[in-house]
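Below: one structure, written as structure tokens.
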Amino acid sequence: MSMLHPHETRSADARETDQLTQLKAQLAPEAAAQMASLADLSKLPVLRKSELSAAQAANPPFGGIATKGITRLFQSPGPIYEPGGDGGDWWRFASALRAGGIGAGDVVQNTFSYHFTPAGAMFESAAIAVGAQVFAAGPGQTELQVRAAKDLGVTAYAGTPDYLGAILAKADEMGVDLPRLTKALVSGGPLFPTVRQAYGARGIACLQCYGTADVGNIAYETVANEPMIVDEGALVEIVTPGTGNPVAIGDIGEVVVTPLNPAYPLVRFATGDLSAVVPGHSSCGRTNMRLAGWKGRADQATKIKGMFVRPEQVASLVARHPEIARARVEVSHDGQRDEMVVKLETQATDEAPFSASVRDLLKLSGTIELVSPGSLPRDGVVIADLR
């Protein structure tokens, strides 16, 4: 049964006032002065993983970002270094655990990795914050996982969706019953409907959450198969890939996150994931923004005729011509060579001014196709590889 934290049912005005105050506190004075509302966040530049990695290489370990109270250090592939701190629910995953009914009296088998990356620490600190006990299992050694779950009376699982299935299969093979295991919070991979149903058939209620090593918890399920609720400790924007421009509600775009964490103030961090805002409120009673779940990757860099074309270049094309509302590059192959079509939403009727900009910015020539405004799909795809 879902448990609500008092903050999770606040009015939108009360929530936004509090979030704006927190945001200003972690910005430089000149940036904070621009923030009359949360909508003004879009005035600030987007920080991409490639830029963060380069900044860290030039100014280790955190690229010059001012941190405080850091007690843990982690490394993710890239490499990108992430900090962590003590003092409660540092990565804000407690809301996801509460939504799954996990709290005092539960024993959580945490199979997220404790090696190099922060996943294990993220879920351990959250479980402790909600009053649960934690078995720091990490992944692997499945037979020992089964034995520990039995001996410790594990009631809840935390880990990837598939690994829970591996533990249950091994338990069946060993003839071990795990009757107390009735809750699961999963992340780090897709939770397919058939997998969730299989866990449900065994009496295990399974919900999923979405986060990254850089920003912590982003969103979480409260009701199976409903949109995820954005965690109130993070500001989430959905933008056109390659830009920092917010898309309309319901349109697919790149997830950009500003965690409200003055200990590590990342601002407008581009996750590289695609999603969309779902209008309305959850049936569980929480009132914050909802996300449609993972819809693909925003990094659509594609090699065409031996040259890479990136979403940022397409965004530059749109920015150069105010009469273009939206652009989409489609690449196909005729059996001998690549063919590039650049579709432009515009009321203009002359292709000539755009052809020069395509050659200049995309470094390639291709067919220009002018389409009526609103006709391109709002699916977050800027470069469609049809080969």
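Numbering of the sequence shown is given in this note's numbering, commencing with residue 941 and proceeding in unit increments.
For glycine and all other residues, C-beta sits at the position ideal for the given N, C-alpha and C.
Note that this is a predicted model, so its numbers are computed, not measured.
CB contact flag (residue i, residue j, <7 Å)
i: residue 1220; j: residue 1239; result: no
i: residue 1210; j: residue 986; result: yes
i: residue 1122; j: residue 1107; result: no
i: residue 1200; j: residue 996; result: no
i: residue 1168; j: residue 1161; result: yes
i: residue 1024; j: residue 998; result: no
i: residue 1207; j: residue 1179; result: no
i: residue 1008; j: residue 1203; result: yes
i: residue 1257; j: residue 1301; result: yes
i: residue 1125; j: residue 1098; result: yes
i: residue 1040; j: residue 1147; result: yes
i: residue 1118; j: residue 1109; result: no
i: residue 1066; j: residue 1044; result: no
i: residue 1047; j: residue 1095; result: yes
i: residue 956; j: residue 978; result: yes
Environment of residue i [buried if 16+ CB atoms lie within 10 Å]
i: residue 974; result: exposed
i: residue 1317; result: exposed
i: residue 1050; result: buried
i: residue 1299; result: exposed
i: residue 1260; result: exposed
i: residue 1307; result: exposed
i: residue 1081; result: exposed
i: residue 1181; result: buried
i: residue 1127; result: buried
i: residue 1253; result: buried
i: residue 1134; result: exposed
i: residue 1222; result: buried
i: residue 1153; result: buried
i: residue 1032; result: buried
Which of helix, strand or coil DSSP assigns to residue i
i: residue 1103; result: helix
i: residue 1315; result: coil
i: residue 1243; result: strand
i: residue 1170; result: strand
i: residue 1280; result: strand
i: residue 1209; result: strand
i: residue 1161; result: coil
i: residue 1113; result: helix
i: residue 1090; result: helix
i: residue 985; result: coil
i: residue 1008; result: coil
i: residue 1123; result: strand
i: residue 970; result: helix
i: residue 1002; result: coil
i: residue 1064; result: helix
Identity of the residues DSSP links to residue i by a beta bridge
i: residue 1020; result: 1016
i: residue 1150; result: 1159
i: residue 1325; result: 1271
i: residue 1058; result: Paired residue(s): none; residue 1058 is not in a bridge.
i: residue 1097; result: 1049, 1124
Integer-rounded CB distance, given that residue j should sit under 8 Å from residue i
i: residue 1157; j: residue 1171; result: 5 Å
i: residue 912; j: residue 1138; result: With the chain running from 941 to 1327 in the structure shown, residue 912 is simply not present.
i: residue 1281; j: residue 1322; result: Actually they do not touch by this definition, with Cβ atoms about 13 Å apart.
i: residue 1216; j: residue 1190; result: 6 Å
i: residue 1015; j: residue 1056; result: 5 Å
i: residue 1214; j: residue 1320; result: 4 Å
i: residue 1264; j: residue 1304; result: Residue 1264 to residue 1304, Cβ: 18 Å. No contact.
i: residue 1218; j: residue 1241; result: Not quite, the Cβ-Cβ distance comes to about 28 Å (not below 8 Å), so this is no contact.
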